[in-house]
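Residue numbers (the working numbering), protein chains in the order written: chain V, 71 to 256; chain C, 71 to 256; chain F, 19 to 273.
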Amino acid sequence: MTDYPHAERLLEAVIFASREPVPLRALATLLPDGADLDATLAAIHAHHAGGGIELVEAGQGVMFRTAPDLAFALRRVVEVPRRLPRVAMETLAIVAYHQPVTRAQIEEIRGASLSQSTLDALLEADLVAPAGHKEVPGRPTLWATTPHFLVQFGLKSLRDLPRQTDLLVEAASSSADTHEPGPADP
Amino acid sequence: MTDYPHAERLLEAVIFASREPVPLRALATLLPDGADLDATLAAIHAHHAGGGIELVEAGQGVMFRTAPDLAFALRRVVEVPRRLPRVAMETLAIVAYHQPVTRAQIEEIRGASLSQSTLDALLEADLVAPAGHKEVPGRPTLWATTPHFLVQFGLKSLRDLPRQTDLLVEAASSSADTHEPGPADP
Amino acid sequence: MADIDSAPPTEAFIVQLDGFAGPLDLLLDLARAQKVDLANISILALVEQYLAIIEGARRIRLELAADWLVMAAWLAWLKSRLLLPEDETAAEEGEIAADVLAARLRALEAIRAGAAWLNARPQLGQDVFERGAPEDFTEIDRSRLKLDLPALLAAYLAARRRSGAKRQYRPKPILYWTAQQALERLTRMLGSVPGWTDIAAFLPERRETPLAHRAALSSTLIAGLELARGGDASLRQDAPFGPILIRPGAEHRND
């Protein structure tokens, strides 16, 4: 369509194929005799003006970049969902099965202390929420799962969780003394 | 300085940004409503005609690459891997024409054993790849060309390979010269 | 066909035998040297040239690769069939074998032409070049959580199993009211009671078993004695096995 001088074609190709911005000095050595570097670069720049790509200066050299205003249209968002850390998942599961439940109870069931960051992560993900206080000295906060928890796990209600007895065949008897009722129990 | 429609700018940018060919389907999803893919690509192609880079179809998509006639000048600037030796090219041609093909079949056609270094070179260049096993005793590996093979040689599909009978006529008419030009040359 | 015998390039071939990728490669080159369509080459002339080259090569280098010699033996057999067939069957065998050889040469020639065609194309990375510095507009969004029920259940089982395993080593929890607990309760409550009060009033509300009740009573008595020792409370029992009364303050102050 346009009439390209050889110098312009050559520099365009070299800048295109290079991995790094091409230093002006390197471009100058490539130019055919008599061709002017600035004029050639200006011609390349003009040829692409208003197009999808543009010639830009970078450091001591030049390079092609896609036009910045197109970045939004070209942006492709790839969702890579995170997994909850194991500790958070276990805590969530205990809240789901034993709610409403105090922090101390969670710690007893897991047999390990519960860090604030784990609880924060579950709160931030809107998976657990405070559900009043237990009426014992110190009035500790009770924790329960949120409606969002049900949505996230594709459950219609807490009753959709498998019963503890179906899940914990051998642990069911040993758990009888401390924390019996599962969410499916009335 | 041409007046660019938005669709043209957008596709130019997205094809330019990628090192690999961009599948036509991906381009179609990016296209603004009402814009025609073929027409837009034709416009981009025309805009770059005669320039240092050109739009070509390769594999299932389109890509920009430098103009072939600049090869000599570019080889001085851009690092170029060694060309495949004749044995490797012949082996590649056998795989291309007879795929999927076993090693024994390749050796039968060339009347010589296939060296490990030749196979390594083709694998390393991502030109051939295993394509299952032949269901005969010993279940030998079958070999086929890769998608990159098409890109490397600027082919849209394996159907772009000239027919062997046409090649023989070509070879016979150009008598016993060593390297006759292929039909793709102007 | 006239110049086949006039220009046998045997000397050159002997020297360059290593340059050929096997006997078939050499045969094809010899065939091409006949400068005619591969369909019309003289197999007999080809065979004689090959045998001459191998013969010459053996004079120079005894260690000739096996496949060159195998091909030579087969071609010698083919030559005998083509030149002096013992009978009609032998002649037919010779013709078939010659056809097979010609077909193999044509197949190899076609592949060579294919390789040449590929070689003549502008190759990416050799003659034409892709974008050197590609741009990636992909953004990774890790804000969403990957949650599924099996993982939740597995986590629950893991938590229960671990704590279950731990529980086996734990001593049985003390369910009884300790003297320490009684002391705290008594200290807290005694201030709000003006006069003599049955010590049983200071027992905790929850006493599941008679044993727990007796344990709580004795703990509270010990706590009362402890307070009396420090002068913070006074104790009194009016009759044997009667109720034990307690009030804040030392004994002598009220007498």
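C-beta: ideal position from N, C-alpha, C; glycine also.
For residue j and residue i, the rounded distance between their alpha carbons
| i | j | result |
| --- | --- | --- |
| A98/C | S181/F | 56 Å |
| E194/V | E244/F | 50 Å |
| H76/V | R89/V | 22 Å |
| L165/F | T211/V | 25 Å |
| F142/V | E127/V | 22 Å |
| A113/C | S227/V | 57 Å |
| E160/C | E205/C | 26 Å |
| A105/V | H115/V | 16 Å |
| E178/C | Q169/C | 14 Å |
| M207/F | A200/F | 10 Å |
| A182/C | K97/F | 22 Å |
| L56/F | L87/F | 24 Å |
| A242/V | P232/V | Residue placement at A242/V cannot be trusted, given a pLDDT of 41 that sits under 50; what the coordinates show is reported in the next sentence. Whole-angstrom Cα-Cα distance: 13 Å. |
| W195/F | A233/F | 6 Å |
| A25/F | A63/F | Because A25/F carries a pLDDT of 45, less than 50, the predicted location of this residue cannot be relied on, and no value is offered for it. |
| L111/V | P91/C | 27 Å |
| A201/C | I78/F | 45 Å |
| P251/C | W135/F | Per-residue confidence for P251/C stands at a pLDDT of 40, beneath the threshold of 50, marking its modelled position as unreliable; no derived number is given. |
| L167/F | L237/V | 13 Å |
| R179/F | G248/F | 49 Å |
| N137/F | L119/F | 27 Å |
| D273/F | V211/F | Residue confidence for D273/F is low, a pLDDT of 43 falling below 50, so the modelled location carries little weight and cannot support an answer. |
| F267/V | L170/F | Because chain V spans 71 through 256 in this model, residue 267/V falls outside it and cannot be assessed. |
| L101/F | G37/F | 31 Å |
| W214/F | Q175/V | 40 Å |
| E78/V | R146/V | 33 Å |
Cross-chain neighbours of residue i in chain F, by beta carbon under 8 Å
| i | result |
| --- | --- |
| Q222/V | L163 and L165 |
| S88/V | G150 and A151 |
| R209/V | What R209/V touches in chain F: nothing, since even the nearest Cβ is about 17 Å away. |
Beta-carbon proximity of residue i to residue j, cut-off 8 Å
| i | j | result |
| --- | --- | --- |
| H118/C | E124/C | yes |
| L69/F | L93/F | yes |
| A177/F | I85/V | no |
| D159/F | V148/V | yes |
| L80/V | L140/C | yes |
| P138/C | P103/F | no |
| A83/V | L144/C | yes |
| Y264/V | Q234/V | Any property of residue 264/V remains undetermined from this structure, which presents chain V solely from 71 to 256. |
| D250/F | P266/F | yes |
| Q52/F | I59/F | yes |
| R180/C | L42/F | yes |
| R152/V | L229/F | no |
| F147/F | A87/V | yes |
| A214/V | A191/V | no |
| I61/F | A116/F | yes |
| A90/F | I114/F | no |
Within chain F, partners of residue i - CB distance below 7 Å
| i | result |
| --- | --- |
| V147/V | E157 and D159 |
| Y74/V | In chain order: nothing, as chain F lies at least about 17 Å away. |
| E160/C | I129, R130 and A133 |
Closer than 8 Å at the beta carbon, the chain C residues around residue i
| i | result |
| --- | --- |
| E82/V | G121, G122 and I123 |
| Q67/F | Near Q67/F there are no residues of chain C at all, since even the closest Cβ is about 14 Å away, more than 8 Å. |
Range covered by the alpha helix (DSSP H) that runs through residue i
| i | result |
| --- | --- |
| I240/F | P228 to R247 |
| F219/V | P217 to Q222 |
| P138/C | Segment: none, P138/C is in no alpha helix (DSSP H) and carries neither H nor E. |
| A199/C | Per DSSP, A199/C belongs to no alpha helix (DSSP H); it is in the beta strand (DSSP E), V198 to H203. |
| R180/C | R173 to R180 |
| E78/V | H76 to A87 |
| I274/F | Residue 274/F lies beyond the stretch modelled for chain F, which goes from 19 to 273, so this question has no answer here. |
| D108/V | L107 to H118 |
Whole-angstrom C-beta distance between residue j and residue i, which should lie under 8 Å
| i | j | result |
| --- | --- | --- |
| A133/F | L197/C | Actually they do not touch by this definition, with Cβ atoms about 12 Å apart. |
| A197/F | I240/F | 5 Å |
| L123/F | A39/F | In fact, because the Cβ distance is near 14 Å, the residues do not count as touching under 8 Å. |
| L35/F | G224/C | Their Cβ separation, rounded to whole angstroms, is 37 Å, which puts L35/F and G224/C out of contact at 8 Å. |
| Y74/C | G129/V | About 28 Å; that fails the 8 Å criterion. |
| F220/F | T238/F | 5 Å |
Partner residues on chain F for residue i, Cβ-Cβ distance less than 9 Å
| i | result |
| --- | --- |
| G129/V | Per Cβ cutoff of 9 Å: no residues; G129/V is ~13 Å from chain F at best. |
| A199/V | Chain F residues near A199/V: none, gap ~16 Å exceeds 9 Å. |
Continuous beta strand (DSSP E) stretch holding residue i: start and end
| i | result |
| --- | --- |
| Q255/F | A251 to Q255 |
| T107/F | Careful: T107/F lies outside any beta strand (DSSP E), inside the alpha helix (DSSP H) at E106 to A138. |
| P210/V | That residue, P210/V, is in no beta strand (DSSP E); it is neither H nor E in DSSP. |
| T99/C | From DSSP, T99/C is part of no beta strand (DSSP E) but of the alpha helix (DSSP H) over L94 to L100. |
Contacts that residue i makes with chain V (C-beta to C-beta distance below 9 Å)
| i | result |
| --- | --- |
| L144/C | L80, A83, V84 and A87 |
| L171/F | A163, L231, P232 and L237 |
Amino acids of chain V, ordered along the chain, whose beta-carbon sits closer than 7 Å to that of residue i
| i | result |
| --- | --- |
| T136/C | A83, F86 and A87 |
Interface residues of chain C facing residue i [CB-CB closer than 7 Å]
| i | result |
| --- | --- |
| L140/V | R79, L80 and A83 |
Contact set between residue i and chain C, taken where Cβ atoms lie within less than 9 Å
| i | result |
| --- | --- |
| L94/V | Here the premise fails: no neighbours, minimum Cβ distance about 14 Å. |
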